[in-house]
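Residue numbers (the numbering used here), protein chains in the order written: chain U, 110 to 430; chain A, 13 to 257; chain C, 8 to 298. Even for Gly, the Cβ is constructed at its ideal location relative to N, Cα and C. No experiment lies behind these values; they were computed from the predicted model shown. Single-structure report; data block below.
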Amino acid sequence: MSAWLQRALLGASLLAALAFPLVAESGFWIKFAFTTLLFAYLGQAWNILGGYGGQFSFGHALFFGTGAYAAAIAQTAFGLNPWLGLPLGALAGGAVGWAAGYLSFRYGLRGSYFALVTLAFAEVFRILANAVPFTGAGVGLFVPLQPGWAQLQPGPIGFYYIVLALVFASLWFAWRIENSRFGAQLMAVRENEAAAAALGVDAYALKVRAIALSGAMTGVGGVLYVQFYLYIDPSLAYGPGISVEILLVPIIGGLGTIFGPLIGSIVLHAASELARRIMGDAPGIHLVFYGVLLVVMVRFLPDGLAGLLRRKRKAEVPRNA
Amino acid sequence: MLEARNVTKRFGGLVAVSNASLEVAAGSIVALIGPNGAGKTTLFAAMTGFHKPDSGSVTFDGADITGLQPHEIARRGLVRTFQIVQPFGALSVRENIAVGAHLREPNRAAALARAGEIAIRLGMGNMLDQPAATLTVAGRKRLEVARALATSPKLILLDEVMAGLNPTEIDEIVPIIRAVRDAGTTVLLIEHVMRAVMRLSERVYVLNQGRMIAEGTPQEVAARPEVVEAYLGHGAAQRIASVSA
Amino acid sequence: MLEFQILLPSIVNGLTLGAVYALVALGLTLIYGVLHIINFAHGSLLMAALYAAFFAHAGLGLDPYLAMPLLAAAFFVVGYALQRWVIGKASHGKDQNVLLVTLGISIAIENLALYLFRADTRTIETPISYEMLDLGIALVPYPRAIGFAAALGIAALLWWTIERTDLGRAIRAVAKERQGAKLVGIDVDHVFALSFGIGTAVLGAAACLLLPSFYVSPSVGNVFVLVAFTVVVLGGMGSFTGALVGGLAIGVTESVGGLFLGQQLGQLGIFVIFIALLLFRPTGLFGSRLA
Numbered sequence: 110m111s112a113w114l115q116r117a118l119l120g121a122s123l124l125a126a127l128a129f130p131l132v133a134e135s136g137f138w139i140k141f142a143f144t145t146l147l148f149a150y151l152g153q154a155w156n157i158l159g160g161y162g163g164q165f166s167f168g169h170a171l172f173f174g175t176g177a178y179a180a181a182i183a184q185t186a187f188g189l190n191p192w193l194g195l196p197l198g199a200l201a202g203g204a205v206g207w208a209a210g211y212l213s214f215r216y217g218l219r220g221s222y223f224a225l226v227t228l229a230f231a232e233v234f235r236i237l238a239n240a241v242p243f244t245g246a247g248v249g250l251f252v253p254l255q256p257g258w259a260q261l262q263p264g265p266i267g268f269y270y271i272v273l274a275l276v277f278a279s280l281w282f283a284w285r286i287e288n289s290r291f292g293a294q295l296m297a298v299r300e301n302e303a304a305a306a307a308l309g310v311d312a313y314a315l316k317v318r319a320i321a322l323s324g325a326m327t328g329v330g331g332v333l334y335v336q337f338y339l340y341i342d343p344s345l346a347y348g349p350g351i352s353v354e355i356l357l358v359p360i361i362g363g364l365g366t367i368f369g370p371l372i373g374s375i376v377l378h379a380a381s382e383l384a385r386r387i388m389g390d391a392p393g394i395h396l397v398f399y400g401v402l403l404v405v406m407v408r409f410l411p412d413g414l415a416g417l418l419r420r421k422r423k424a425e426v427p428r429n430a
Numbered sequence: 013m014l015e016a017r018n019v020t021k022r023f024g025g026l027v028a029v030s031n032a033s034l035e036v037a038a039g040s041i042v043a044l045i046g047p048n049g050a051g052k053t054t055l056f057a058a059m060t061g062f063h064k065p066d067s068g069s070v071t072f073d074g075a076d077i078t079g080l081q082p083h084e085i086a087r088r089g090l091v092r093t094f095q096i097v098q099p100f101g102a103l104s105v106r107e108n109i110a111v112g113a114h115l116r117e118p119n120r121a122a123a124l125a126r127a128g129e130i131a132i133r134l135g136m137g138n139m140l141d142q143p144a145a146t147l148t149v150a151g152r153k154r155l156e157v158a159r160a161l162a163t164s165p166k167l168i169l170l171d172e173v174m175a176g177l178n179p180t181e182i183d184e185i186v187p188i189i190r191a192v193r194d195a196g197t198t199v200l201l202i203e204h205v206m207r208a209v210m211r212l213s214e215r216v217y218v219l220n221q222g223r224m225i226a227e228g229t230p231q232e233v234a235a236r237p238e239v240v241e242a243y244l245g246h247g248a249a250q251r252i253a254s255v256s257a
Numbered sequence: 008m009l010e011f012q013i014l015l016p017s018i019v020n021g022l023t024l025g026a027v028y029a030l031v032a033l034g035l036t037l038i039y040g041v042l043h044i045i046n047f048a049h050g051s052l053l054m055a056a057l058y059a060a061f062f063a064h065a066g067l068g069l070d071p072y073l074a075m076p077l078l079a080a081a082f083f084v085v086g087y088a089l090q091r092w093v094i095g096k097a098s099h100g101k102d103q104n105v106l107l108v109t110l111g112i113s114i115a116i117e118n119l120a121l122y123l124f125r126a127d128t129r130t131i132e133t134p135i136s137y138e139m140l141d142l143g144i145a146l147v148p149y150p151r152a153i154g155f156a157a158a159l160g161i162a163a164l165l166w167w168t169i170e171r172t173d174l175g176r177a178i179r180a181v182a183k184e185r186q187g188a189k190l191v192g193i194d195v196d197h198v199f200a201l202s203f204g205i206g207t208a209v210l211g212a213a214a215c216l217l218l219p220s221f222y223v224s225p226s227v228g229n230v231f232v233l234v235a236f237t238v239v240v241l242g243g244m245g246s247f248t249g250a251l252v253g254g255l256a257i258g259v260t261e262s263v264g265g266l267f268l269g270q271q272l273g274q275l276g277i278f279v280i281f282i283a284l285l286l287f288r289p290t291g292l293f294g295s296r297l298a
């Protein structure tokens, strides 16, 4: 693909994305697009830590739920404007990310152990959220309905544009990471921690920064979720379902690539919508689909769809050269 | 410039390095030799923070660096390579070297440019965009050196960068190492290729079963009976002496 | 002493619970010890086995204790096939891939159960469900007493298989040095699948011991997978004795802890132990080696 074609393609998709709400007739498709883009954004957050940093988290719900609860509690208990919930969610998600990273990386957890401990952290928070009063315990929290931009309840189309902006910001951020010292060192740590350390890279500090960043981004996603649905409870916030959906997105699309999470989220949600229409909307069925998809992807396309494109492009090189 | 004093490193009951001392003067090329399993790599690791010495001290550039983290030691300008090569497999050669360059150069474009220069200096100019995982053994050994050099070290520890290379490749790398020194970087190398050790180094240390058994110029060390014995087995020096007598 | 009169039955109760935990953990630790992989699907496979035992009883009128060899055999086949044709093929030599694949399997199984059987909790009643065994210091329901004895028996059988049979020797060889085992002509993929099969067969047996005194629901595996992981980490990944002692210890902790803290926070206690262990002592209290 030539640079010109690439740019044209990008421009066209940008225009299409901006014009989408004008042509989408039903609220259903706007909501579908919102969810797809929200998970493209969350998947990018996971991708920073898991794709570029090589640290697979099985508990990103920890950050998502913390962001969501922070904004919801600030609003219901302290009357904070939900717009301020966005930075608050980032702060809360980042702080929890930093703490989780400090604990697990300090003691040298990696690979499977890191995945297990993140899962356990999320579960601890789920149990706590179920038990303490200020999260509304098992009943959950309702955010009062106050439509309008002022209270960050701009309606489906407004939400669509907000999450679209977030996705663009996250794409830009991933591009920055690929072209910065931070990203170069992070990828070096992913590839070989000892070799990176020998070259003066402080792997521990980098990983903590990556998980804090990823946590902050994920926290913002949680805030948006709670503003859209106006409700949160412990299993929505901290349940394994969210963690799995977040990690599926970049794995399907392509780990450690800029567009992987976006591609992954579109494919995942389109396919799961299709599956829902064929098999009906029984509880659990879409997660069966997610589970099978995860197995199939890792089995046949471990580099994700972006990896498939890249492999194809590489195969073309000798012909052109 | 670098001084290890009475360094001991144990793994469980096994004493890998015992009371070993060595000194590297600024601007020199020093070799550390010894039979397989003598503890050379362990001593390297103990000096660069990858193993914490059980006792003894390491001083670099006038400061005590014993027990510092590997990255802290690298930042001070003491950088090692790995005997078992450790490339960042998914990254290109240029990106690999740039990780080293980033130690002193925050700017991405400048680091990549510097990586290109160093690759050319080491004769890797035509491999820049190749993924490191696709390199040959010789290429990977060179990449180890290139990455370490890119950090602009004051002292570079080269761990068997010639092992597994053919004679032509060795002849290529010897002048490269000399050029590194001439450009201002002190060199300490572990090497089995005696031809290269004799040609390159000004001073040689011999480690055997964790103990430093000899030091001196290459010629002096090669003449020492205990060194010959360490390599060829007990009694070898006497047998050689009796044969030549 | 009054406290003693409450505490002692609670400990006995915890031991019977712990024996089943230990059994589940033994399967997990065997798989870890040989394949060096963490099997996320362990809990949901146990859940599947519980449903199998439930329907064998409800549909075919088969007593769980009689169904035990049948289920163990069936789940051996399931485990063998899973490792041989799904997990093994998908790993591409990376631990993280194995983790993802077993995660995928567990999500699929768990939600398939939710889809097929709804979220209802089901129990069965056997003739001995309400019989009590009087130990003098405590009354123990018969199903639990049988579970305890059988769990220890199966653990012993497993130990004997690993230590004293040719199969066990092959398994130990692969666990220790897979390259070397390959060189002397052991079919490593086959041994991997066998070990996974045995680890899963244990779940089939455990389900039959568990069902008469427990329940089954689609999410029941979560309870056990966490406990099993904690037991395995506590006992040292791959250690047999560790899994046994760890299982009993966790059972007693949960039972006694529940006495003082209530059930929900008792569960939290297990998580906290789990996290603390991972952080401070990932090799476990007994080191890590296959018996």
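*Please confirm if the region 200 to 220 of chain C is in contact with the region 22 to 37 of chain C, defined as three or more CB-CB distances below 8 angstroms between the two stretches.*
yes
*Under 8 angstroms, do C:Ser-226 and C:Glu-117 count as touching if we go by C-beta distance?*
For the purposes of this step, residue 226 of chain C is taken as the residue at position 219 of the third sequence. For the purposes of this step, residue 117 of chain C is taken as the residue at position 110 of the third sequence. Closer than 8 angstroms, so yes.
*Ordered along the chain, which non-local residues of its own chain (more than five positions away) have a Cβ less than 8 angstroms from that of U:Phe-104?*
Nothing in the structure corresponds to residue 104 of chain U, since chain U is present only between 110 and 430.
_Does chain U have any CB closer than 8 angstroms to the CB of A:Gly-112?_
The residue you call residue 112 of chain A lines up with position 100 of the second sequence. Yes, because at least one Cβ of chain U sits closer than 8 angstroms to the Cβ of A:Gly-112.
_Contact list for the region 367 to 401 of chain U against chain C, Cβ threshold 7 angstroms_ = Ala-391, Pro-392, Gly-393, Ile-394, Leu-396, Val-397, Tyr-399, Gly-400 and Val-401
*Could you name the residues of chain U that C:Phe-281 contacts, counting a contact when the two beta carbons are closer than 7 angstroms?*
If you number the third sequence from 1, residue 281 of chain C lands on position 274. The answer, in chain order, is Ala-229.
*asked:* Looking only at its chain, what residues have a beta carbon closer than 7 angstroms to the beta carbon of U:Val-205, apart from the 5 residues adjacent to it on each side?
replied: Within the first sequence, the letter at position 96 stands for residue 205 of chain U. Here the set comprises Leu-171, Phe-172, Thr-175 and Gly-324.
_If you measure between the beta carbons of A:Gly-68 and A:Thr-198, is that distance less than 8 angstroms?_
The residue labelled residue 68 of chain A in the question sits at position 56 within the second sequence. The residue labelled residue 198 of chain A in the question sits at position 186 within the second sequence. For A:Gly-68 and A:Thr-198, no; Cβs fall outside 8 angstroms.
_For U:Arg-219 and C:Leu-286, the rounded distance between their alpha carbons_ = If you number the third sequence from 1, residue 286 of chain C lands on position 279. If you number the first sequence from 1, residue 219 of chain U lands on position 110. The alpha-carbon atoms of C:Leu-286 and U:Arg-219 are separated by roughly 11 angstroms.
_Spatial neighbours of U:Ile-341 within its chain, please: C-beta separation below 7 angstroms, excluding the five flanking residues on both sides._
Sequence index remark: in the first sequence, residue 341 of chain U carries index 232 (1-based). Excluding positions up to five away in sequence, the list reads Ala-177, Tyr-178, Ala-181, Gly-249, Leu-250 and Val-335.
_Neighbouring residues, chain U, relative to A:Leu-115 (Cβ below 7 angstroms)_ = Numbered from 1 along the second sequence, position 103 holds the residue referred to as residue 115 of chain A. By Cβ distance, chain U contributes Leu-308 and Gly-309.
_Rounded C-alpha distance that separates A:Arg-106 from A:Arg-152_ = Here the question's residue 106 of chain A lines up with position 94 in the second sequence. Here the question's residue 152 of chain A lines up with position 140 in the second sequence. In a straight line, the C-alpha of A:Arg-106 is about 13 angstroms away from that of A:Arg-152.
*Since A:Glu-227 sits in a beta bridge, which residues does DSSP pair it with?*
Walking along the second sequence from the start, residue 227 of chain A turns up at place 215. BP columns for A:Glu-227 point to A:Tyr-217.
_Exposure label - A:Phe-23; buried when at least 16 CB within 10 Å_ = Position 11 of the second sequence, counting from 1, holds the residue named residue 23 of chain A. It is exposed - the Cβ of A:Phe-23 has fewer than 16 other Cβ atoms within 10 Å.
_Where A:Thr-93 sits in the DSSP three-state scheme_ = Locating residue 93 of chain A in the second sequence gives position 81, where the first residue counts as 1. Three-state DSSP puts A:Thr-93 in coil, outside helix and strand.
*Please list the residues of the region 66 to 94 of chain A that have a C-beta atom closer than 7 angstroms to any C-beta atom in chain U, keeping them in chain order.*
Pro-82, His-83, Ala-86, Arg-87, Val-91, Arg-92 and Phe-94
_Terminal residues of the beta strand (DSSP E) in which A:Phe-23 lies_ = The sequence position of residue 23 of chain A within the second sequence is 11, counting from 1. Its beta strand (DSSP E) spans residues 14 to 23.
*What are the complete beta strand (DSSP E) segments, minimum 3 residues, inside the region 46 to 89 of chain A?*
67 to 72
_Closest Cα partner of U:Asp-311 within the set A:His-83, A:Arg-236 and A:Val-27_ = For this step, residue 311 of chain U is matched to residue 202 along the first sequence. Minimum Cα distance to U:Asp-311 is reached at A:His-83.
_Whole-angstrom C-beta distance between U:Ala-304 and A:Phe-94, which should lie under 8 angstroms_ = The residue labelled residue 94 of chain A in the question sits at position 82 within the second sequence. The residue labelled residue 304 of chain U in the question sits at position 195 within the first sequence. With a Cβ gap of about 7 angstroms, A:Phe-94 and U:Ala-304 count as contacting.
*State the start and end residues of the unbroken beta strand (DSSP E) segment that holds C:Met-139.*
Along the third sequence, read from residue 1 onward, the residue named residue 139 of chain C stands at position 132. Residues 139 to 141.
*Would you mind listing the alpha helix (DSSP H) stretches within the region 96 to 120 of chain A that are 4+ residues and don't spill past its ends, in chain order?*
105 to 113
*Might you give, ordered along the chain, the residues of its own chain that have their beta carbon closer than 7 angstroms to the beta carbon of C:Pro-219, omitting 5 neighbours on each side?*
Translated into positions along the third sequence, residue 219 of chain C becomes position 212. Closer than 7 angstroms at the Cβ level, and outside the excluded window around C:Pro-219, lie Pro-71, Ile-131, Thr-133, Ser-136 and Pro-150.
*Selected residue, minimal CA-CA separation from U:Gly-202, among U:Leu-417, U:Ala-154 and U:Thr-145*: Here residue 202 of chain U refers to the residue found at position 93 when the first sequence is read from its first residue. Looking at the Cα atoms, U:Ala-154 is the closest of the given residues.
*Closest residue to U:Gly-309 among A:Thr-60, A:Arg-17 and A:Leu-124 (Cα-Cα distance)*: Translated into the one-based positions of the first sequence, residue 309 of chain U becomes position 200. Closest by alpha carbon: A:Thr-60.
*Measure from the C-beta of C:His-99 to each C-beta in chain U and report whether the shortest distance is under 8 angstroms.*
Residue 99 of chain C sits at position 92 when you count from the first residue of the third sequence. By this cut-off, C:His-99 is an interface position.
*Take C:Thr-144 and list the residues in its own chain whose beta-carbon comes closer than 6 angstroms to its own, dropping the five residues that flank it on each side.*
The sequence position of residue 144 of chain C within the third sequence is 137, counting from 1. What sits at residue 144 of chain C in the sequence shown is Ile, not Thr. So the qualifying residues of the chain are Leu-15.
_Within 8 angstroms, do at least three Cβ pairs link the region 152 to 164 of chain A to the region 102 to 119 of chain A?_
yes
*Please work out which residues of its chain come closer than 8 angstroms, Cβ to Cβ, to U:Leu-228, disregarding the five sequence neighbours upstream and downstream, and give them in chain order.*
Here residue 228 of chain U corresponds to residue number 119 of the first sequence, with the count starting at 1. Cβ neighbours of U:Leu-228 beyond the five flanking positions: Phe-167, Gly-168, Pro-349 and Ser-352.
*Residue of A:Leu-212, A:Glu-214, A:Ala-234 and A:Val-239 minimising C-alpha distance to A:Ile-225*: As a first step, residue 225 of chain A must be located in the second sequence, where it is residue number 213. The shortest C-alpha separation from A:Ile-225 is found at A:Val-239.
_Candidates U:Ala-125, U:Lys-316 and U:Ile-387, of which the one nearest U:Gly-160 by Cα_ = Stepping through the first sequence from its first residue, residue 160 of chain U is reached at position 51. Residue U:Lys-316 is the option with its Cα nearest to U:Gly-160.
*Kindly indicate if chain U contains any beta-carbon less than 8 angstroms away from that of C:Phe-199.*
For the purposes of this step, residue 199 of chain C is taken as residue 192 along the third sequence, with counting starting at 1. Answer no: the Cβ-Cβ gap between C:Phe-199 and chain U never drops below 8 angstroms.
*Counting Cβ pairs closer than 8 angstroms, one from the region 51 to 58 of chain A and one from the region 397 to 414 of chain U, do we hit at least three?*
no
*For U:Glu-300, go through chain C and note every residue whose CB falls closer than 9 angstroms to its CB, in chain order.*
Numbered from its first residue, the first sequence carries residue 300 of chain U at position 191. Correct list: empty, because the minimum Cβ distance to chain C is about 13 angstroms.
*Cβ separation of A:Arg-87 and A:Leu-169, assumed to be a contact under 8 angstroms, to the nearest whole Å*: For the purposes of this step, residue 87 of chain A is taken as the residue at position 75 of the second sequence. For the purposes of this step, residue 169 of chain A is taken as the residue at position 157 of the second sequence. Actually they do not touch by this definition, with Cβ atoms about 15 angstroms apart.
*Residue from C:Ile-45, C:Ile-277 and C:Val-93 whose Cα sits closest to the Cα of C:Gly-253*: Walking along the third sequence from the start, residue 253 of chain C turns up at place 246. Of the listed residues, the one whose Cα sits closest to C:Gly-253 is C:Ile-277.
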